[in-house]
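Have a look at the structure below before the remarks.
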Amino acid sequence: MSQIDRSLGRAAPAAPPADIAVSVRGVSKNYGDVQALENLSLDFPRGQLTSLLGPSGCGKTTLLKIIAGLIPASSGSVEVDGRPVEGPGPDRAFVFQDFALLPWASVLRNVAFGLELRGVARSEREDRAARYIREVGLAGFEQSFPHELSGGMRQRVGLARALSVDADVLLLDEPFSAVDEQTRRKFQEDMLALVETERKTFIFVTHSIEEAVYVSDQIAILLPRPSRVHEVIRPSISRGGGGNIRRDAEYLDIVDEIWASLRSYVE
Amino acid sequence: MIRAGRSLARDAGKGASGGRPRVTAGTGRAIDAFRTHRSLALKVLSAAIVFGAWEIAGRVPVSYAFPTFINSMLALMRMVFDGSLFVAYAETLQPLVIGVAISALVGIGMGLWIGLNAASRWLFSPIFIVMQAAPLAALIPILVMVYGIGLTSKVFVVCIMAMPVIVLNTASAVANTPGSIKEMATSFMASDRDVLLKVVIPAASPIIFSGLRLGVSAGFIGAILSELKITPTGVGDIITYSRSVADYPSMYAAIFSIILLAVVFLNLLETLENRLFEGNNRGYVSD
Ligand SMILES: Nc1ncnc2c1ncn2[C@@H]1O[C@H](COP(=O)(O)OP(=O)(O)OP(=O)(O)O)[C@@H](O)[C@H]1O
Ligand SMILES: [Mg+2]
Chain A
0 MSQIDRSLGR AAPAAPPADI AVSVRGVSKN YGDVQALENL SLDFPRGQLT SLLGPSGCGK
60 TTLLKIIAGL IPASSGSVEV DGRPVEGPGP DRAFVFQDFA LLPWASVLRN VAFGLELRGV
120 ARSEREDRAA RYIREVGLAG FEQSFPHELS GGMRQRVGLA RALSVDADVL LLDEPFSAVD
180 EQTRRKFQED MLALVETERK TFIFVTHSIE EAVYVSDQIA ILLPRPSRVH EVIRPSISRG
240 GGGNIRRDAE YLDIVDEIWA SLRSYVE
Chain B
0 MIRAGRSLAR DAGKGASGGR PRVTAGTGRA IDAFRTHRSL ALKVLSAAIV FGAWEIAGRV
60 PVSYAFPTFI NSMLALMRMV FDGSLFVAYA ETLQPLVIGV AISALVGIGM GLWIGLNAAS
120 RWLFSPIFIV MQAAPLAALI PILVMVYGIG LTSKVFVVCI MAMPVIVLNT ASAVANTPGS
180 IKEMATSFMA SDRDVLLKVV IPAASPIIFS GLRLGVSAGF IGAILSELKI TPTGVGDIIT
240 YSRSVADYPS MYAAIFSIIL LAVVFLNLLE TLENRLFEGN NRGYVSD
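Residue numbers (numbering that gives the first Met the number 0), protein chains in the order written: chain A, 0 to 266; chain B, 0 to 286.
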């Protein structure tokens, strides 16, 4: 039943939705002489998943950090829910590319850390953290320390931490880069379910074209430095068909199309 | 993979009536016990080697002024039982404890400030580098001229010895906090105070504590040095006096006792560290 809903929900993505959760307007960013972003504009519709796809070093992490309010843009502006971003806020949660776990704290404390900083009482935050630890498949590792986990497990701790603060906008910087293929596929499904049920806005950085096409409502392809949006693709793949979407003709067409436009920069 | 692992665990649990976690905990405890016993055994062994070498060197003898280990221990016993050792320590511990306490508090405070604030780094860290490099013995006459021969001068000597390494270690540890976890905390809306208390200080604590250990050892040196160079009191007096009357066993007993005290103190510090920052003894990931 949910599958039918999903296909209905995704049946008409052609018209741009009016409800924009995050809007990036003419953002440029210079690191000294290096210009990472140049006049980048992009809208992120509420309740949808937007992927950022682009060559390494093109400024995807930089864009996420500007949206998160961690670093200021050199020029341009970012609005979340119509309010300009001036710093980090409770409406956004970040999953870091390098995990950024506290090495001296247990998995439980790491996952609960976002809630701890928000002043949630200990028993409540540990309950909530334990739930998300289970959800990312780390049950039984609550008392382990990060150095006792594999890279993929650490990455999932960072994911659980971001999910547990219940923010409206999730900024995910290559969140599945270190997990195995099975887990990755499970997470893709989980993420689609989350998008569906929670009306959260996902901004998702990935290097995998297939992954982007599979999970996204909207894919923004970025050019190499200085980065602008090269094109925005809205894959309208029906996931309700019952067959394997990964063999769907339209899915493969879009993957090819994106590969063709990225290819020129790889060569 | 994860799912497979979990179902395996469940199966094992069914088979051995949920024994798996308990077995793991038990093994862990056995390993811990082995570790503590092994480290204790190694400590005893290394002490035995040092004391044995001392005894042999005293019997050879390497020098007419070098007593055997056993004679020194007898002298130590005598000083313990006639109470003179405690009288001496009552005196020596004053500048030592005051100086080390000041160095730890002010040193860590200064170190945090210098480490967090680039401007103060340029301003103050050269002072402590010079302080660390300065030949203390040459400064003592100046201190005596300014502060006299009392407690103040001795506290100063302890501080000059102990403080720089505490300040410099703290400052460099704090300045080198991994940027990514500070950024993470900020992204989850940490205040500056949260970042300091929940990220910077825990991250820096292993190096702060190693600075404290070095500082405390240097403070012990400072305390004895001040008693040898300013006015002979306390343990310094025992050392000076027994040397002048050629009672070498007593002299070495006094030196031995101060080393012993320093070792005990450093162990207490380690216990404190493990209490306050229990994650520190767990090994770190490099990323
Ligand atoms: N703190 C910084 N100081 C100086 N230059 C930086 C800094 N952070 C990023 N850059 C530069 O900005 C550019 C974009 O970096 P960014 O991390 O955003 O890339 P990315 O798209 O996330 O790459 P990847 O896919 O490899 O993670 C890079 O060329 C990098 O050299
Ligand atoms: Mg990146």
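All residues carry an ideal CB built from backbone N, CA and C; glycine is no exception.
Nothing here was measured: the structure is a model prediction, and the numbers come from that model.
Discussion item. Please report the distance separating the alpha-carbon of A89 (chain B) from that of V244 (chain B).
Written reply: Here residue 89 (chain B) is taken as the residue at index 90 of the second sequence, counted from 1. Here residue 244 (chain B) is taken as the residue at index 245 of the second sequence, counted from 1. Those two C-alpha atoms are separated by around 23 angstroms.
Worksheet item: Hey, would you say T247 (chain B) sits closer than 8 angstroms to F65 (chain B), going by beta carbons?
Response: The residue given as residue 247 (chain B) occupies position 248 in the second sequence. The residue given as residue 65 (chain B) occupies position 66 in the second sequence. For the sequence presented, residue 247 (chain B) should be read as Tyr rather than Thr. Yes, Cβ-Cβ distance for Y247 (chain B) and F65 (chain B) is below 8 angstroms.
Worksheet item: Cβ of V204 (chain A) within 8 angstroms of Cβ of D172 (chain A)?
Response: The count along the first sequence starts at 1 and reaches residue 204 (chain A) at position 205. The count along the first sequence starts at 1 and reaches residue 172 (chain A) at position 173. Yes, they are a contact pair.
Worksheet item: With distances taken from CA atoms, which of B:S45, B:L224, B:I200 is nearest S152 (chain B)?
Response: Sequence index remark: in the second sequence, residue 152 (chain B) carries index 153 (1-based). Comparing C-alpha distances from S152 (chain B) to each of B:S45, B:L224, B:I200 shows the shortest one belongs to B:L224.
Worksheet item: In chain A, which residues lie less than 7 angstroms from P201 (chain B) when you measure between Cβ atoms?
Response: Locating residue 201 (chain B) in the second sequence gives position 202, counting from the first residue. Within chain A, the C-beta atoms nearer than 7 angstroms to that of P201 (chain B) come from W103, in chain order.
Worksheet item: Taking C-alpha atoms, which residue in A:D80, A:E249, A:D18, A:V254 lies nearest to H206 (chain A)?
Response: Counted from its first residue, the first sequence places residue 206 (chain A) at position 207. Per the Cα distances, A:V254.
Discussion item. I believe N38 (chain A) touches R184 (chain A) by the beta-carbon criterion, under 8 angstroms. Please report the beta-carbon distance rounded to the nearest angstrom.
Written reply: As a first step, residue 38 (chain A) must be located in the first sequence, where it is residue number 39. As a first step, residue 184 (chain A) must be located in the first sequence, where it is residue number 185. The beta carbons of N38 (chain A) and R184 (chain A) sit about 37 angstroms from each other, so the pair does not count as a contact at 8 angstroms.
Item to complete: Whole angstroms is fine: what's the gap from V263 (chain B)'s alpha carbon to P134 (chain B)'s?
Response: Sequence index remark: in the second sequence, residue 263 (chain B) carries index 264 (1-based). Sequence index remark: in the second sequence, residue 134 (chain B) carries index 135 (1-based). Distance between the alpha carbons of V263 (chain B) and P134 (chain B): 28 angstroms.
Practice prompt. Could you tell me if V22 (chain B) is buried or exposed, where buried requires 16 or more neighbouring beta carbons within 10 angstroms of its beta carbon?
Written response: As a working note, residue 22 (chain B) is residue 23 in the second sequence. At V22 (chain B), the pLDDT of 44 sits below 50, so the modelled position is not reliable; the number obtained from the coordinates is stated separately. Around the C-beta of V22 (chain B), fewer than 16 other C-beta atoms lie within 10 Å, and the residue is accordingly described as exposed.
Worksheet item: So which residues on chain B does L116 (chain A) lean against when the C-beta distance must stay under 7 angstroms?
Response: Here residue 116 (chain A) is taken as the residue at index 117 of the first sequence, counted from 1. Within chain B, the residues whose beta carbon sits less than 7 angstroms from that of L116 (chain A) are A184, F187, M188, A189, D193, listed in sequence order.
Item to complete: For chain A, find out if any of its Cβ atoms is closer than 8 angstroms to the Cβ of T169 (chain B); answer yes or no.
Response: To locate residue 169 (chain B), count along the second sequence from 1; it is residue 170. For T169 (chain B), the nearest beta carbon of chain A is not closer than 8 angstroms to its own beta carbon.
Discussion item. Can you confirm whether the segment 209-218 of chain B touches the segment 157-167 of chain B when touching is taken to mean that 3 or more C-beta pairs between the two stretches lie within less than 8 angstroms?
Written reply: Contact between the segment 157-167 of chain B and the segment 209-218 of chain B is present, because at least three Cβ pairs lie under 8 angstroms.
Worksheet entry | Those residues, in chain order, that have a beta-carbon closer than 6 angstroms to some heavy atom of ligand 3 | You won't find ligand 3 in this model; what it holds is ligand 1 and ligand 2.
Fill in: Per-residue DSSP class, three states only, for N38 (chain A)
The residue you call residue 38 (chain A) lines up with position 39 of the first sequence. Collapsing the DSSP output to three states places N38 (chain A) in a strand.
Worksheet item: Can you name, in chain order, every residue of its own chain whose Cβ lies under 8 angstroms from the Cβ of E85 (chain A), other than the five neighbours on each side?
Response: The residue labelled residue 85 (chain A) in the question sits at position 86 within the first sequence. Closer than 8 angstroms at the Cβ level, and outside the excluded window around E85 (chain A), lie G68.
Discussion item. At 4 residues or longer, what runs of the alpha helix (DSSP H) sit wholly inside the segment 115-186 of chain A?
Written reply: Segments of the alpha helix (DSSP H) lying fully in the segment 115-186 of chain A: 121-134, 150-163.
Worksheet entry | Proximity test, C287 (chain B) beta-carbon vs ligand 1 heavy atom, cut-off 7 angstroms | An answer regarding residue 287 (chain B) cannot be provided, because it is not within the stretch 0 to 286 covered by chain B.
Practice prompt. Figure out for me which residue from B:A46, B:S71, B:A47, B:S45 has the closest Cα to the Cα of G57 (chain B).
Written response: As a working mapping, residue 57 (chain B) is identified with position 58 in the second sequence. Among B:A46, B:S71, B:A47, B:S45, the Cα nearest to that of G57 (chain B) belongs to B:S71.
Worksheet item: Any C-beta of chain B sitting closer than 8 angstroms to the C-beta of F95 (chain A)?
Response: Translated into the one-based positions of the first sequence, residue 95 (chain A) becomes position 96. Yes, F95 (chain A) counts as interfacial toward chain B.
Discussion item. If the criterion is Cβ atoms closer than 8 angstroms, does the pair P231 (chain B) and A202 (chain B) meet it?
Written reply: As a first step, residue 231 (chain B) is located in the second sequence; it is residue number 232 there, counting from the start. As a first step, residue 202 (chain B) is located in the second sequence; it is residue number 203 there, counting from the start. In this structure, the beta-carbon distance from P231 (chain B) to A202 (chain B) does not fall below 8 angstroms.
Discussion item. Can you find the residues in the same chain that come closer than 8 angstroms, C-beta to C-beta, to R153 (chain A), ignoring five residues on each side of it along the sequence?
Written reply: Walking along the first sequence from the start, residue 153 (chain A) turns up at place 154. Around R153 (chain A): F98, L100, P145, A177.
Discussion item. Is it the case that the segment 109-117 of chain B contacts the segment 166-176 of chain B, given that we only count it when at least three CB pairs across the two stretches are under 8 angstroms?
Written reply: Touching, per the Cβ criterion.
Item to complete: Run the CB neighbour count on K199 (chain A), radius 10 Å, all protein chains shown included, and call it buried at 16 or more, exposed below.
Response: Residue mapping note: residue 199 (chain A) aligns to position 200 of the first sequence, counting from 1. It counts as buried.
Discussion item. If you follow the beta strand (DSSP E) that T232 (chain B) is in, where does it begin and where does it stop?
Written reply: Within the second sequence, the letter at position 233 stands for residue 232 (chain B). No beta strand (DSSP E) contains T232 (chain B), which DSSP labels as neither H nor E.
Discussion item. Which residues in chain B have a C-beta closer than 9 angstroms to the C-beta of L69 (chain A)? List them in chain order.
Written reply: Position 70 of the first sequence holds residue 69 (chain A). Against L69 (chain A), the close residues of chain B are E182, T185, S186, in the order they occur along the chain (beta-carbon pairs closer than 9 angstroms).
Worksheet item: Starting from R227 (chain A) and walking both ways along the alpha helix (DSSP H), at which residues does that stretch end?
Response: Numbered from 1 along the first sequence, position 228 holds the residue referred to as residue 227 (chain A). Element bounds for R227 (chain A): n/a, residue is neither H nor E.
Worksheet item: Based on the DSSP output, what are the partners of L221 (chain A) in its beta bridges?
Response: On the first sequence, residue 221 (chain A) is found 222 positions in, with the first residue counted as 1. According to DSSP, L221 (chain A) bridges with A:V228.
Worksheet item: Considering only the beta carbon of each residue, do V23 (chain A) and L41 (chain A) sit closer than 8 angstroms?
Response: Residue numbering aside, residue 23 (chain A) sits at position 24 when the first sequence is read from its first letter. Residue numbering aside, residue 41 (chain A) sits at position 42 when the first sequence is read from its first letter. The criterion of a C-beta distance shorter than 8 angstroms is satisfied by V23 (chain A) and L41 (chain A).
Item to complete: Output the distance between the C-alpha atoms of P20 (chain B) and F50 (chain B), rounded to the nearest integer angstrom.
Response: Here residue 20 (chain B) refers to the residue found at position 21 when the second sequence is read from its first residue. Here residue 50 (chain B) refers to the residue found at position 51 when the second sequence is read from its first residue. With a pLDDT of 40 at P20 (chain B), under the threshold of 50, the predicted position of this residue should be treated as unreliable, though the coordinate-derived value follows. Inter-residue distance for P20 (chain B) and F50 (chain B) is about 45 angstroms (C-alpha atoms, whole angstroms).
Worksheet entry | Residue environment, E277 (chain B), which counts as buried when at least 16 other CB atoms sit within 10 Å | Counted from its first residue, the second sequence places residue 277 (chain B) at position 278. The residue is exposed, with fewer than 16 neighbouring Cβ atoms inside 10 Å.
Discussion item. Bridge partners for R268 (chain A) per DSSP, in chain order?
Written reply: The first residue shown for chain A is 0 and the last is 266, placing residue 268 (chain A) beyond what the model contains.
Worksheet item: Does the Cβ of I257 (chain A) have 16 or more other Cβ atoms within 10 Å, making it buried, or fewer, making it exposed?
Response: The residue labelled residue 257 (chain A) in the question sits at position 258 within the first sequence. So I257 (chain A) counts as buried.
Discussion item. Less than 6 angstroms between C-beta atoms, sequence neighbours within five positions excluded: which residues of the same chain meet that for V105 (chain B)?
Written reply: Start at 1 with the first residue of the second sequence, and residue 105 (chain B) comes out as number 106. Excluding positions up to five away in sequence, the list is empty.
Item to complete: Reducing DSSP to helix, strand and coil, say where I22 (chain A) ends up.
Response: Working through the first sequence from its first residue, we reach residue 22 (chain A) at position 23. Sequence inspection shows Ser at residue 22 (chain A); the Ile mentioned does not correspond to that position. Of the three classes helix, strand and coil, the one that applies to S22 (chain A) here is strand, per DSSP.
Practice prompt. Taking only the alpha-carbon atoms, compute the straight-line gap between M109 (chain B) and S50 (chain A) and give it to the nearest angstrom.
Written response: Position 110 of the second sequence, counting from 1, holds the residue named residue 109 (chain B). Position 51 of the first sequence, counting from 1, holds the residue named residue 50 (chain A). Spanning the two alpha carbons is a distance of roughly 46 angstroms.
Practice prompt. Let me know if N266 (chain B) comes out buried or exposed under the rule of 16 or more other beta-carbons within 10 Å of its beta-carbon.
Written response: Within the second sequence, residue 266 (chain B) is the residue found at index 267, counting from 1. Counting other Cβ atoms within 10 Å of its Cβ, N266 (chain B) stays below 16 and is therefore classed as exposed.
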